[in-house]
Amino acid sequence: MSIPSDGYHFTLHERMQYLSSGTKYDSCNQSAVCHAFGPDGRCIQLYKTLLTNYCAGECTYCPNRCHRDVRRVSLSPEEIVKITWDFYRKNAIEGLFLSSGVIGDPETTTEKQLHVARLLRSQGFNGYIHLRLMPGTPLHLLQEVAGVANKFGVNAETTGSVNYSEICPNFDYKNDVLQRLNWTCKLIKKQRKLHRYDRKIIGANDTQFVVGALDEPDRDIVNTVHDFMEKYQLRRPYFMSFDPVPDTPLENGSTSPKWREQRLYQVSYLLKDYGLDSGHIDQIYNDDGFLLNDDPKLELARINPEMFPVEINSADYSTLLRVPGIGPISASRILRSRPIRGEDELARMGIVIGRARPFIKIGGSGQANLTQFAGECT
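Written as structure tokens, this is what we have:
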């Protein structure tokens, strides 16, 4: 099946604009160049686009759902390849983020995305390629994707089958989403085993949640993310705040505040990079299971005063990570540089002293009164 061509009377620039804005519910903002995280956690710039905003799907939140009256346009695989190279050679991007509307069925759609990736790789493109695949993508195509993409995955959108059937009625959560995440996990493990000592592409599993489209609390989302990390080696979850779209079944819904998306990202970092689990996060929800609009790591420190102050010169790595203002890199620097004699040394290592000061001791000397600090912040 070919991509419908009705929109090809628009200029290339117009189609690029439409299809970049059409990725609103695919990880990035609405400009042609976006920031994303590579498999190693590094922030990189990508050209991100849809192949087409024609879509056979009926997702109830999506501006591109099939029955909605919206201007439809497409880019050919060859056009996307050319645009990617143009951006790449100007050092404007480090790679490509490619999603699409459902072109008839998941298999056809993934074939089109693969065609783009194959063309780029055959032309010597060594940049980063991130493919957002369709629910229900066949296993044999996932196997091919694993050979050309640095990151790929299927959007979970929500936390379970009942909610998923409400917002994505064309697909089945357990089979079309969870089974694909499981296959992706196994393929990535195989890639890492086969290519441990060479530079061949080794992918990473990813997914995304639409935050606020339904009434699910943050606790359910965080528990699902933690479960996915354990079961599917999820590298980075993405979160997209729901914004109601006219002429969709959820058009009368409420806009989800952007700060909620931000707090979920912060919690995901605590789960992935700081060694915490969902049980730790249970301490900081409100009575309805939602996060507060405050730094979750700082909230955890405030409600666990018995853990502090931490002695910088004797604390182990996991304990240092519980200190606000200290991250994985700076904690490692502390361990390599001890003994530490003063705050100036910590500042040079990248520690945010203003955040860390109430929670640390250096050589037995406390840096502030924690009880007073906690009282001032309540």
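Residue numbers for the sequence shown follow UniProt numbering, beginning at 1 and rising by one. In this text, a Cβ means the ideal position worked out from N, Cα and C, and glycines have one as well. Just so we're clear, the structure is a prediction, and the values are computed from it rather than from any experiment.
Backbone secondary structure at residue i - three-state DSSP
i, result
"Ile-80", "helix"
"Arg-180", "helix"
"Glu-311", "strand"
"Ile-351", "coil"
"Ile-360", "strand"
"Thr-52", "strand"
"Ile-334", "helix"
"Cys-185", "helix"
"Leu-46", "strand"
"Val-33", "strand"
"Tyr-274", "coil"
"Leu-291", "strand"
Rounded straight-line distance, which links the Cα of residue j to that of residue i
i, j, result
"Ile-360", "Leu-320", "9 Å"
"Leu-75", "Ile-103", "13 Å"
"Leu-187", "Ala-146", "7 Å"
"Ser-20", "Glu-166", "26 Å"
"Met-229", "Pro-249", "32 Å"
"Gln-233", "Trp-183", "11 Å"
"Arg-180", "Tyr-238", "17 Å"
"Ile-362", "Gly-342", "7 Å"
"Ser-365", "His-280", "28 Å"
"Asp-227", "His-9", "46 Å"
"Arg-338", "Asn-313", "6 Å"
"Val-323", "Ala-315", "11 Å"
"Cys-34", "Pro-309", "39 Å"
"Ala-156", "Val-210", "9 Å"
"Gln-143", "Ser-99", "18 Å"
"Asp-282", "Gly-160", "19 Å"
"Arg-355", "Ile-329", "16 Å"
"Tyr-18", "Ile-83", "15 Å"
"Asn-286", "Pro-217", "10 Å"
Buried or exposed (CB count within 10 angstroms, at least 16 for buried), residue i
i, result
"Asp-273", "exposed"
"Thr-11", "exposed"
"Thr-255", "exposed"
"Ala-213", "buried"
"Cys-59", "buried"
"Lys-151", "buried"
"Tyr-128", "buried"
"residue 452", "Any question about residue 452 goes unanswered here, given that the chain covers just 1 to 378."
"Val-162", "exposed"
Where the alpha helix (DSSP H) through residue i begins and ends
i, result
"Ile-281", "278 to 281"
"Lys-297", "296 to 302"
"Thr-60", "Counting along the chain, Thr-60 falls outside any alpha helix (DSSP H), and DSSP gives it neither H nor E."
"Ser-318", "317 to 321"
Every unbroken beta strand (DSSP E) within the region 189 to 259, with a cutoff of 3 residues, ordered by chain: For the region 189 to 259, whole beta strand (DSSP E) runs of length 3 or above, ordered along the chain, are 205 to 211, 234 to 241.
Could you give the uninterrupted runs of the beta strand (DSSP E) lying entirely in the region 85 to 168, keeping only those of 3 residues or more? 95 to 99, 128 to 133, 151 to 154
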